[in-house]
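S.K.: Below is a structure I'd like to ask you about.
Residue numbers (the UniProt record's numbering): 1 to 313.
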């Protein structure tokens, strides 16, 4: 068989795998199994879903093949249960759930994000799951940021990063700065118990003034934009940064030869498609930061997929 045909077949299989996963998520199969204290038959799952037994069993068996479900055999009948992976990442109730992320990337593109409160909420749930998926807590704690008493999280979305900074650095006050629609949804759905150290401020960080701060956090912000736009933002941050302050960037970083990691290259394609953004190498980040006026640039690789970059004014 010719190599291009093999590649096409393999790609087709990947697409089918993705479709099987998405259909299973849409049908809430993983949640039905998670609610049960014992493995369930295909008939029991179908009844819980209000779906046909044949179609349900087809999806269940596909998920077994993808190692997302496990089977038990009792008296010659097959019973299904979640794997540790699906229980952790594919059920809605898990604190590390990727449900919203997978649903978001199956249906949304960048211009549609702000069309309605529902689409904004889906987008923010997706961003919130990134905190756990990408190991942002590990990245934040990889540097000692206690010297920064005023922190501004630009594009802070749900406030998850701000809450982590508040727990790690209780002497600091944190401002979550984002678009008015984002702040509104964040305050309605994500803030939980009020924290006097954390405040929310509305604004467009390209067009409106940004608050002065000792430290600015940009978590998965720069990969949305081209170099020229990023440099415009970084220069604005530099001007608002207090003397002796800094900037803390949380982003995926390509290796020096741009050969990987593969998952970051896939993310690079996604960013290009949805907003003409890009992932960058360490050298590209350094060039942007130095051009904007920052110095003493340090990198941390303690996250999952993402890196931390700390630079000083």
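Where is the CB? At the ideal position from N, CA and C, for every residue including glycine.
1. Quick check on residue 277: buried or exposed, where buried means 16 or more other Cβ atoms within 10 Å of its Cβ?
2. Pick out the complete alpha helix (DSSP H) segments inside the stretch 180-221, 4 residues or longer, and give them in chain order.
3. Identify the continuous beta strand (DSSP E) that holds residue 354 and give its terminal residues.
4. For the ligand MG, any of its heavy atoms closer than 7 angstroms to the Cβ of residue 33?
5. Below 8 angstroms on the Cβ atoms is my guess for residue 212 versus residue 242; work out the distance and round it to an integer in Å.
6. Less than 7 angstroms between C-beta atoms, sequence neighbours within five positions excluded: which residues of the same chain meet that for residue 315?
7. Got a sec, what are the start and stop residues for the alpha helix (DSSP H) residue 291 sits in?
8. In the structure shown, what three-state DSSP assignment does residue 156 receive?
9. Buried or exposed: where does residue 77 fall if 16 or more other Cβ atoms within 10 Å of its Cβ makes it buried?
10. Keeping to the same chain, check which residues put their C-beta closer than 7 angstroms to that of residue 116; ignore five residues upstream and five downstream.
11. Do the stretch 209-228 and the stretch 244-255 make contact, defined as three or more Cβ pairs closer than 8 angstroms?
12. Is it true that the stretch 121-129 meets the stretch 52-71, where meeting means three or more beta-carbon pairs spaced less than 8 angstroms apart?
13. Between residue 264 and residue 75, what straight-line distance do the alpha-carbon atoms span, to the nearest angstrom?
14. Work out the CA separation of residue 177 and residue 183 for me, nearest whole Å.
15. Can residue 42 and residue 80 be called in contact, C-beta distance under 8 angstroms?
16. Can you give the beta carbon distance from residue 310 to residue 143, rounded, assuming they're within the 8 angstroms contact cut?
17. Are residue 172 and residue 197 close, meaning C-beta to C-beta below 8 angstroms?
18. Go ahead and pull the three-state DSSP assignment for residue 44.
19. For residue 56, name the three-state secondary structure that DSSP assigns.
20. To which residues does DSSP link residue 311 through a beta bridge?
21. Below 8 angstroms between beta carbons: does that hold for residue 154 and residue 216?
22. Does DSSP classify residue 131 as helix, strand or coil?
23. What residue from 85, 60, 44 and 236 has the CA that sits closest to residue 210's CA?
24. Using CA coordinates, which residue listed in 226, 313, 233 and 297 is at the minimum distance from residue 280?
M.R.: Taking the coordinates as given:
1. So residue 277 counts as buried.
2. Listed in chain order, they are 180-189.
3. A query on residue 354 cannot be resolved here, the shown segment of the chain reaching from 1 to 313 and no further.
4. The ligand MG is not part of the structure shown, which contains no ligands of any sort.
5. Yes, residue 212 and residue 242 are in contact; Cβ-Cβ is about 6 angstroms, under 8 angstroms.
6. In the structure as shown, the chain begins at 1 and stops at 313. Residue 315 is therefore absent and cannot be evaluated.
7. Start and end: 282-292.
8. Coil at residue 156, not helix or strand.
9. Exposed is the label assigned to residue 77, since fewer than 16 other Cβ atoms lie within 10 Å of its Cβ.
10. Closer than 7 angstroms at the Cβ level, and outside the excluded window around residue 116, lies no residue.
11. Flag = yes, the stretch 209-228 and the stretch 244-255 touch.
12. Segments in contact, no.
13. Taking the straight line joining both Cα atoms gives about 46 angstroms.
14. Distance between the alpha carbons of residue 183 and residue 177 is about 8 angstroms.
15. Less than 8 angstroms divides the Cβ of residue 42 from the Cβ of residue 80.
16. Rounded, the Cβ-Cβ distance is 5 angstroms, consistent with contact.
17. In this structure, residue 197 lies closer than 8 angstroms to residue 172 by Cβ.
18. Note: residue 44 maps to helix in three-state DSSP.
19. Reduced to three states, the DSSP call for residue 56 is helix.
20. In the DSSP output, where bridge partners are listed per residue, residue 311 has 247.
21. For residue 154 and residue 216, yes; Cβs fall inside 8 angstroms.
22. When DSSP states are grouped into helix, strand and coil, residue 131 belongs to the helix group.
23. When only C-alpha atoms are compared, the closest one is 236.
24. In this structure, 226 is the residue among 226, 313, 233 and 297 with its C-alpha nearest to the C-alpha of residue 280.
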